[in-house]
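In the numbering used here, the protein residues as written are 7 to 300.
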C-alpha cells in the first residue's frame with residue numbers, strides 16, 4: 007500500500023465508448039488501473055463524472071487507496087466533449103477527493119501522450135476524424151466538427167461516399183464495380199431501402215462500410231481506390247494544417263490510421279511519428295504539471 011505522504015498521479019481518459027484510469031507513483035510505476043463506461047459530455051456532465059469516478063474507484067481499490075479521500079493524488083482528466091458550452095465550468099465546480107484536479111479534452115490528452123508533453127499534433131481517423139496540435143501550450147484544431155458536415159477521411163465519410171457512388175452506379179451514371187455492386191446487394195439493389203436506412207443511420211452505421219471499401223481498394227477496384235484516395239487526401243490536408251500551426255511532427259491515431267497511411271502523400275508521411283504514449287499517459291503528464299506548479 008502506497009504511503010499517504012507520497013504524491014501520486016492519476017490519469018483518466020474519458021471517451022465516447024469507455025473510460026480508463028491509471029495511477030502511477032513518482033517513478034512512473036503503475037499502482038492501479040480502472041475501467042468504466044462512456045465519459046462524454048454528450049451524455050451529460052453528471053453521467054460523464056459518474057463514469058470518471060467509477061474508473062477512479064477501480065484504480066484506487068487496486069492501488070490500496072481510499073477513493074473518497076485522496077489528498078496526495080494529483081488528477082489529470084481528459085473528457086470527450088469538453089468544448090460543449092459550460093461543460094468545463096460544470097465539471098470544475100463538482101466536489102472531488104483529490105489534492106488537485108485539471109480537465110482537458112480527450113483529444114488534447116491523446117496529443118500530450120503521443121508526444122510526451124512536447125509540441126506536436128495528432129490526426130485521429132476512426133469513425134470520425136479530427137486534427138489537433140499543441141504548440142507553445144496552445145491547443146489548435148482542424149476539422150472534427152461532426153459527420154456529415156465534417157470528419158472528412160473518416161470511416162463514416164468513406165461509407166457515405168461508397169453509398170453515394172453505388173446509387174450513381176444503380177442509375178447508370180457510372181460503372182458498377184465490384185464494390186458498388188456489393189453495397190447495392192446489401193440493400194437488395196433497391197434505392198428505397200437505402201433511403202429508409204439513411205433516415206435512421208448514424209455515423210457509426212456509415213463507418214461499417216469502411217472495411218469493405220478498403221478491402222476492395224486493396225484488390226484494385228477503381229471506385230474503392232478513388233474513395234480511399236480522396237479520404238487520404240483529406241487526412242493529408244489535416245496533417246499539413248497542423249504543421250502550418252507549428253507542430254514539428256504528427257501522430258496518426260484511430261482505427262483507419264494504419265490502413266490509410268500507405269495512401270498518404272510522401273511529404274506528409276515524412277512528418278509522421280509513432281505515439282510515445284496513450285491518452286492516459288497524456289492525462290498523467292497534466293497531473294504531474296499540477297504537482298510541479300504547487
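Yeah, the Cβ is synthetic: ideal placement off N, Cα and C, and Gly gets one too. Because the structure is a prediction, the values reported are computed rather than measured.
Beta-bridge partners of residue 41, as assigned by DSSP: If you number the chain shown from 1, residue 41 lands on position 35. Note: residue 41 sits in a beta bridge opposite 26.
Between the C-alpha atoms of residue 189 and residue 260, what's the straight-line distance to the nearest angstrom? In the chain shown, counting from the first residue as 1, residue 189 sits at position 183. In the chain shown, counting from the first residue as 1, residue 260 sits at position 254. Rounded to the nearest angstrom, the two C-alpha atoms are 24 Å apart.
Going by DSSP, name the residue or residues bridged to residue 15. The residue labelled residue 15 in the question sits at position 9 within the chain shown. The partner list for residue 15 (beta bridge, DSSP) reads 30 and 80.
At least 3 beta-carbon pairs within less than 8 Å: the region 74-82 vs the region 47-54: no
Considering only the alpha carbon of each residue, which of 217, 42 and 133 lies closest to residue 210? Residue 210 sits at position 204 when you count from the first residue of the chain shown. That would be 133, whose Cα lies nearest to the Cα of residue 210.
Can you tell which of 185, 105, 174 and 147 has its C-alpha closest to the C-alpha of residue 79? Residue numbering aside, residue 79 sits at position 73 when the chain shown is read from its first letter. Taking only the C-alpha atoms, the option nearest residue 79 is 105.
Could you tell me whether the Cβ atoms of residue 293 and residue 84 are closer together than 8 Å? Taking the first residue of the chain shown as position 1, residue 293 is located at position 287. Taking the first residue of the chain shown as position 1, residue 84 is located at position 78. No, the Cβ-Cβ distance between residue 293 and residue 84 is not below 8 Å.
Tell me, please, which residues DSSP counts as bridged to residue 137. For the purposes of this step, residue 137 is taken as the residue at position 131 of the chain shown. 129 and 148.
Output the boundary residues of the beta strand (DSSP E) element that contains residue 105. The residue labelled residue 105 in the question sits at position 99 within the chain shown. 104-111 is the span of the beta strand (DSSP E), which, as asked, contains residue 105.
Out of 295, 25, 21 and 16, state which residue places its alpha-carbon closest to the alpha-carbon of residue 36. On the chain shown, residue 36 is found 30 positions in, with the first residue counted as 1. Among 295, 25, 21 and 16, the Cα nearest to that of residue 36 belongs to 16.
According to DSSP, simplified to helix, strand and coil, what is residue 36? The residue you call residue 36 lines up with position 30 of the chain shown. In the structure shown, residue 36 sits in a strand (DSSP, three-state: E or B).
Exposed or buried, residue 41, counting other C-beta atoms within 10 Å across all chains shown (16 or more means buried)? Against the chain shown, residue 41 aligns to sequence position 35. Counting Cβ neighbours within 10 Å, residue 41 comes out exposed, since fewer than 16 surround it.
For the beta strand (DSSP E) holding residue 257, just list the boundary residues, first then last. The residue given as residue 257 occupies position 251 in the chain shown. Residue 257 -> beta strand (DSSP E) spans 256-259.
Identify the residues that DSSP records as bridge partners of residue 20: which are they? One-based indexing of the chain shown puts residue 20 at position 14. 25 and 85.
Would you call the CB atoms of residue 107 and residue 116 closer than 8 Å? Looking up residue 107 in the chain shown gives position 101. Looking up residue 116 in the chain shown gives position 110. Not in contact: residue 107 and residue 116 (Cβ atoms no closer than 8 Å).
Please state whether the Cβ-Cβ distance between residue 26 and residue 61 is less than 8 Å. Position 20 of the chain shown, counting from 1, holds the residue named residue 26. Position 55 of the chain shown, counting from 1, holds the residue named residue 61. Their beta carbons are under 8 Å apart, which means residue 26 touches residue 61 by this criterion.
In the region 136-220, which residue ranges form an unbroken beta strand (DSSP E) of at least 3 residues, counting only runs that do not cross its ends? 144-148
Own chain, CB closer than 6 Å to residue 265, minus 5 neighbours either side, in chain order: Residue mapping note: residue 265 aligns to position 259 of the chain shown, counting from 1. 220, listed in sequence order.
Measure the beta-carbon distance from residue 110 to residue 88 and round it to whole angstroms, keeping in mind my assumption that it falls under 8 Å. Here residue 110 is taken as the residue at index 104 of the chain shown, counted from 1. Here residue 88 is taken as the residue at index 82 of the chain shown, counted from 1. The pair is a contact, with the Cβ atoms about 7 Å apart (cut-off 8 Å).
Contact check, residue 112 vs residue 135, beta carbons under 8 Å: Translated into positions along the chain shown, residue 112 becomes position 106. Translated into positions along the chain shown, residue 135 becomes position 129. Contact flag unset, no.
Integer-rounded CB distance, given that residue 184 should sit under 8 Å from residue 222: Here residue 222 refers to the residue found at position 216 when the chain shown is read from its first residue. Here residue 184 refers to the residue found at position 178 when the chain shown is read from its first residue. Contact holds; Cβ gap of about 6 Å.
Can you give me the start and stop residues for the alpha helix (DSSP H) that residue 63 sits inside? As a position in the chain shown, residue 63 is number 57, starting the count at 1. Here the alpha helix (DSSP H) through residue 63 covers 51-69.
Taking just the CA atoms, how far does residue 57 sit from residue 298? Stepping through the chain shown from its first residue, residue 298 is reached at position 292. Stepping through the chain shown from its first residue, residue 57 is reached at position 51. So the alpha carbons of these two residues sit roughly 27 Å apart.
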